[in-house]
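Participant:
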Amino acid sequence: LKNSFKFSLIYTLVLILQTRSISLASLPQDLFHLKIASKIHTDEQFLLSVSTDYGNLTTSIPDAVLYPSSPQDISSLIRFSYNSSNPFPIAPRGNGHSINGQASAPDGVVINMKSLGYGHNNGINVSIVNRYVDVGGEQLWIDLLHETLKYGLTPRSWTDYLHLTVGGTLSVGGISGQTSRYGPQISNVIELDVITGKGEMITCSKDQNSDLFLAVLGGMGQFGIITRARIILSPAPQKVHWIRLVYTDVVTFTRDQERLISTENSEGSPLRLFNYVEGSFLVDRRLLGSWRSPQFFTDSDYDRMSQLVTEDGLGGVYYIEGAVYYTDEITVQVNQELELLLGELSYVPDYAFIRNVSYVEFLDRVHDGELKLRELGEWEVPHPWLNLFVPKSRILDFDAGVIKGILSNRSAAGIILMYPMNRNKWDDRMSTMIPDEEIFYTFGLLRSASRENLQVMIDENDKILQFCNLAGIKYKQYLPHYATTKGWMKHFGTKWNNFLALKAKYDPELILSPGSTILSSYI
Ligand code: FAD
6 LKNSFKFSLI YTLVLILQTR SISLASLPQD LFHLKIASKI HTDEQFLLSV
56 STDYGNLTTS IPDAVLYPSS PQDISSLIRF SYNSSNPFPI APRGNGHSIN
106 GQASAPDGVV INMKSLGYGH NNGINVSIVN RYVDVGGEQL WIDLLHETLK
156 YGLTPRSWTD YLHLTVGGTL SVGGISGQTS RYGPQISNVI ELDVITGKGE
206 MITCSKDQNS DLFLAVLGGM GQFGIITRAR IILSPAPQKV HWIRLVYTDV
256 VTFTRDQERL ISTENSEGSP LRLFNYVEGS FLVDRRLLGS WRSPQFFTDS
306 DYDRMSQLVT EDGLGGVYYI EGAVYYTDEI TVQVNQELEL LLGELSYVPD
356 YAFIRNVSYV EFLDRVHDGE LKLRELGEWE VPHPWLNLFV PKSRILDFDA
406 GVIKGILSNR SAAGIILMYP MNRNKWDDRM STMIPDEEIF YTFGLLRSAS
456 RENLQVMIDE NDKILQFCNL AGIKYKQYLP HYATTKGWMK HFGTKWNNFL
506 ALKAKYDPEL ILSPGSTILS SYI
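The sequence shown maps to residues 6 to 528 in the working numbering.
#1: List the residues that DSSP assigns as beta-bridge partners of valine 70.
#2: Look at the alpha carbon of tyrosine 323 and the alpha carbon of aspartate 48, and state the distance between them as a whole number of angstroms.
#3: Where does the unbroken alpha helix (DSSP H) through asparagine 100 begin, and where does it stop?
#4: Round the Cβ separation of glutamine 471 and leucine 393 to the nearest angstrom and send it over; I've been treating them as touching at under 8 Å.
#5: So the candidates are Trp501, Ser80, Leu287 and Ser518; which of them puts its Cα closest to the Cα of glutamate 205?
#6: When you compare only the Cα positions, how much space is there between phenylalanine 51 and leucine 524?
#7: Just to confirm the assignment, what range does the alpha helix (DSSP H) spanning histidine 151 have?
#8: Going along the chain, which residues of its own chain have a beta-carbon closer than 6 Å to the beta-carbon of isoleucine 408, five neighbours each way excluded?
#9: To the nearest whole angstrom, what separates the beta carbons of arginine 452 and histidine 388, a pair I think is in contact under 8 Å?
#10: Leaving aside the five residues before and after leucine 167 along the sequence, list all residues of the same chain whose C-beta is less than 8 Å from its C-beta, in chain order.
#11: For aspartate 78, report the span of its beta strand (DSSP E) as first-last.
#12: Please work out which residues of its chain come closer than 6 Å, Cβ to Cβ, to proline 2, disregarding the five sequence neighbours upstream and downstream, and give them in chain order.
#13: Looking at the structure shown, is tyrosine 281 part of a helix, part of a strand, or coil, going by DSSP?
#14: What residues in its chain sit with their C-beta under 6 Å from that of valine 177, if we drop five residues either side in the sequence?
#15: Tell me whether the beta-carbon of leucine 71 lies closer than 9 Å to the beta-carbon of isoleucine 129.
#16: Using a Cβ distance threshold of 8 Å, determine whether the segment 75-92 contacts the segment 235-253, with at least three qualifying pairs required.
#17: Can you tell which of Pro94, Pro299, Ala108 and Arg186 has its C-alpha closest to the C-alpha of leucine 378?
#18: Examine the Cβ distances between the segment 334-354 and the segment 274-285 and report whether three or more of them are shorter than 8 Å.
#19: Near phenylalanine 497, which residues of its chain fall below 6 Å by C-beta distance, leaving aside the five closest residues on each side in sequence?
#20: Spatial neighbours of serine 521 within its chain, please: CB distance less than 6 Å, with the 5 preceding and 5 following residues excluded, ordered by chain position.
#21: Taking all protein chains shown into account, do 16 or more other C-beta atoms lie within 10 angstroms of the C-beta of arginine 25, making it buried, or fewer, making it exposed?
#22: Let me know the secondary structure DSSP gives aspartate 317 once reduced to three states.
#23: Please go through the same chain and pick out, in chain order, the residues whose beta-carbon is closer than 6 Å to the beta-carbon of aspartate 165, but skip the five residues on each side of it.
#24: Hey, is glutamate 143 close to ligand 1, as in C-beta under 8 Å from one of its heavy atoms?
#25: Provide the residue span of the alpha helix (DSSP H) that contains threonine 259, from first to last.
#26: Cα-Cα, which of Ser185, Lys203, Ala220 and Thr184 is closest to glutamate 196?
#27: Taking just the CA atoms, how far does serine 311 sit from aspartate 536?
#28: With 16 other CB atoms within 10 Å as the buried threshold, where does alanine 405 fall?
#29: Using 8 Å as the cut-off, classify the Cβ of methionine 225 as near or not near the heavy atoms of ligand 1, replying yes or no.
#30: Using a Cβ-Cβ cutoff of less than 7 Å, which residues in the same chain neighbour serine 103 once the five nearest sequence positions on both sides are dropped?
#31: Would you report the Cα separation of serine 363 and leucine 412, rounded to the nearest angstrom?
#32: Shortest alpha-carbon distance to tryptophan 163 belongs to which of Lys155, Arg186 and Ser351?
#33: Is glycine 5 near ligand 1 - that is, is its Cβ less than 8 Å away from at least one heavy atom of it?
#34: Quick one: what does DSSP say serine 398 is sitting in, helix, strand or coil?
#35: Excluding the 5 residues preceding and the 5 following tyrosine 356 in the sequence, name in chain order all residues of the same chain whose CB lies nearer than 6 Å to its CB.
#36: For proline 354, count neighbouring Cβ atoms within 10 angstroms of its own Cβ and tell me buried if that reaches 16, exposed if not.
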């Protein structure tokens, strides 16, 4: 019964897509008689402004761009498409920081979400009493940070880079060094306002329309457009000890990382001190001052680190990146605890680097690198990024085969992130797929390409996936991208049928976010 349900659902979706591909030459003219017509732009300059993304790997030109002033405008557009005899695709575009054209709508309409915030400043409302914030899906995390800090409060879970929209990161998961302790951003949401693929405006939470709530979080824009999110807040720290601890072998590096994120660390143990735990493999000394945090190492640290990088047999070192939050009142106590903590870890002696920075400076650390790269004209280059979640049981095999194997070719170096997370901080019912082990690592290969080495990087990414498949490493892609249905089915695993059923319920005409190509690969 299950199989026949699955195949009839797939068959219906295929039929819809086949009809769509023939009929979507241009938008229905009636669209331009709606009340929202003056907000729909078809001039080349508008179309080109949304035709590519941070990845710079794809180009996809829509037929129009909607600049909404309210969620109702978005609902009108979707309703029109849904009720039309030839429904056309619609994609919300946050800040366009996807890699593979996920926010594109070929032959359809891209919604410039940020336009919801233009001209008025009421997209962020803090409730001090309830310790949450209601924020528009179009808002940037950096603006949310500044606004909540006015009340001495802050969200707990972040991405490394804050110039992304709330709707954009909640559609993928939202991870950083805080995830091990506070869960990903999607675990920190209490309620959402969502506009579905039928144009309905629905409020949802774990208690109300919960299937939509869970589907939309990490749902790659497939089930609805987030126009408001209610996010948990905590008291904000003022300052941060920003720490890097250097390791020359992967076993000690991962063991210390796992000790730091262990949920078994008892209250009062110094191992509980870190509010943020990440880690990197530094493959090449030129990356010491990389765009992710060019401000961290001083010139003298740089020299010392350089020696270690080149002296190591494999030409690279690992470092744990940690952060300890504090306020003025508890500085002395935190400093004592930090000393105890460092005594428990096995980094290379004398290779602990500590910076004292403000909370905002720490959270917004990647922005400095962005400004520098923009100045050099190196921000808008191709970015063939690869992000994987790797089960802890295979992280050493992964390290040997990928970091010390495939990536030992230095001609295509880049930032390599590697840090563990606790599965129990995630809600497996949400759409972001995670490995089936209590601890898993995020591996981020964040490379900027030139015309000469782009193909080398793309080939290496493929080799990494092939290696994992052959070695039986049960990874999940984060920010997933697959060219085939088989790839997507494997990605969703046992949740595939549920994905199809929810798609049929909330976006039956397959209008929303076609750029993810989850269903278009059927045709
Ligand atoms: P877009 O790229 O515009 O859209 C992304 C997807 O979400 C599309 O499918 C789009 O249709 C959909 N979407 C957009 N808005 C909405 C909405 N309101 N409702 C429903 N769907 C919507 N990710 C991390 O987790 N951690 C990191 O540390 C991190 N660092 C990054 C650093 C850089 C420099 C870059 C470029 C990306 C980084 N990312 C990170 C990835 C980033 O979180 C995702 O690519 C995110 O989706 C981008 O947000 P955006 O606002 O640019 O969304």
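From the three backbone atoms N, C-alpha and C, an ideal C-beta is built for every residue, glycine too.
Facilitator: Let me spell this out:
#1: Numbered from 1 along the sequence shown, position 65 holds the residue referred to as residue 70. Beta bridge pairing from DSSP links valine 70 with His46 and Val115.
#2: Counting from 1 along the sequence shown, the entry for residue 323 is found at position 318. Counting from 1 along the sequence shown, the entry for residue 48 is found at position 43. Straight-line Cα distance between these residues: approximately 49 Å.
#3: On the sequence shown, residue 100 is found 95 positions in, with the first residue counted as 1. Neither: asparagine 100 is in no alpha helix (DSSP H) and is coded neither H nor E.
#4: Numbered from its first residue, the sequence shown carries residue 471 at position 466. Numbered from its first residue, the sequence shown carries residue 393 at position 388. Incorrect: roughly 13 Å between the Cβ atoms, too far for contact.
#5: Walking along the sequence shown from the start, residue 205 turns up at place 200. For the options Trp501, Ser80, Leu287 and Ser518, the alpha carbon positioned closest to that of glutamate 205 is the one of Ser80.
#6: The residue you call residue 51 lines up with position 46 of the sequence shown. The residue you call residue 524 lines up with position 519 of the sequence shown. Distance between the alpha carbons of phenylalanine 51 and leucine 524 is about 27 Å.
#7: Here residue 151 refers to the residue found at position 146 when the sequence shown is read from its first residue. If you look at histidine 151, you'll find it in the alpha helix (DSSP H) that goes 146-154.
#8: To locate residue 408, count along the sequence shown from 1; it is residue 403. Within the same chain, and ignoring the five residues on either side of isoleucine 408 in sequence, the residues whose Cβ sits closer than 6 Å to its Cβ are Phe286.
#9: Here residue 452 is taken as the residue at index 447 of the sequence shown, counted from 1. Here residue 388 is taken as the residue at index 383 of the sequence shown, counted from 1. Contact between arginine 452 and histidine 388 is confirmed by a C-beta separation of about 7 Å, below the 8 Å threshold.
#10: Against the sequence shown, residue 167 aligns to sequence position 162. Counting only Cβ-Cβ distances below 8 Å, and skipping sequence neighbours, we find Leu145, Trp146, Ile147, Leu150, Leu368, Asp369, Val371 and His372.
#11: The residue you call residue 78 lines up with position 73 of the sequence shown. Element bounds for aspartate 78: not the beta strand (DSSP E) but the alpha helix (DSSP H), 76-88.
#12: What is shown of the chain runs 6 to 528, which leaves residue 2 out entirely.
#13: For the purposes of this step, residue 281 is identified with residue 276 of the sequence shown, where counting begins at 1. Tyrosine 281: strand per DSSP, three-state reduction.
#14: The sequence position of residue 177 within the sequence shown is 172, counting from 1. Hits under 6 Å: Leu484.
#15: For this step, residue 71 is matched to residue 66 along the sequence shown. For this step, residue 129 is matched to residue 124 along the sequence shown. No.
#16: Under the Cβ criterion (8 Å, minimum of three pairs), the segment 75-92 does not count as touching the segment 235-253.
#17: For the purposes of this step, residue 378 is taken as residue 373 along the sequence shown, with counting starting at 1. Ranking Pro94, Pro299, Ala108 and Arg186 by Cα distance to leucine 378 puts Pro299 first.
#18: yes
#19: Mapped onto the sequence shown, residue 497 falls at position 492. Correct list, in chain order: Phe504.
#20: Working through the sequence shown from its first residue, we reach residue 521 at position 516. The residues are Gln107 and Met225.
#21: If you number the sequence shown from 1, residue 25 lands on position 20. Here arginine 25 scores only 47 on pLDDT, less than 50, and its place in the model should not be relied on; the value that follows carries that caveat. Counting other Cβ atoms within 10 Å of its Cβ, arginine 25 reaches 16 or more and is therefore classed as buried.
#22: Locating residue 317 in the sequence shown gives position 312, counting from the first residue. With a pLDDT of 44 at aspartate 317, under the threshold of 50, the predicted position of this residue should be treated as unreliable, though the coordinate-derived value follows. Reduced to three states, the DSSP call for aspartate 317 is coil.
#23: Against the sequence shown, residue 165 aligns to sequence position 160. Result list for aspartate 165: Ser181 and Val371, in chain order.
#24: The residue given as residue 143 occupies position 138 in the sequence shown. Judged by the Cβ position, glutamate 143 qualifies as a neighbour of ligand 1 at the 8 Å threshold, a heavy atom of the ligand being closer than this.
#25: Sequence index remark: in the sequence shown, residue 259 carries index 254 (1-based). Taken as a continuous stretch (DSSP letters only), the alpha helix (DSSP H) holding threonine 259 covers 255-266.
#26: The residue you call residue 196 lines up with position 191 of the sequence shown. It is Ala220.
#27: Only positions 6 to 528 of the chain appear in the structure, and residue 536 is not among them; the question remains open.
#28: On the sequence shown, residue 405 is found 400 positions in, with the first residue counted as 1. Under this definition alanine 405 is an exposed residue.
#29: As a first step, residue 225 is located in the sequence shown; it is residue number 220 there, counting from the start. Checking the Cβ of methionine 225 against ligand 1 gives yes.
#30: Taking the first residue of the sequence shown as position 1, residue 103 is located at position 98. Within the same chain, serine 103 has close Cβ partners Asp58, Tyr59 and Gly60.
#31: Indexing the sequence shown from 1 puts residue 363 at position 358. Indexing the sequence shown from 1 puts residue 412 at position 407. So the alpha carbons of these two residues sit roughly 35 Å apart.
#32: The residue labelled residue 163 in the question sits at position 158 within the sequence shown. Here the closest residue by C-alpha is Arg186.
#33: Here the chain comprises residues numbered 6 to 528, so residue 5 is not present and cannot be evaluated.
#34: For the purposes of this step, residue 398 is identified with residue 393 of the sequence shown, where counting begins at 1. Of the three classes helix, strand and coil, the one that applies to serine 398 here is helix, per DSSP.
#35: In the sequence shown, counting from the first residue as 1, residue 356 sits at position 351. Only Val251 meet the Cβ criterion.
#36: Against the sequence shown, residue 354 aligns to sequence position 349. It counts as exposed.
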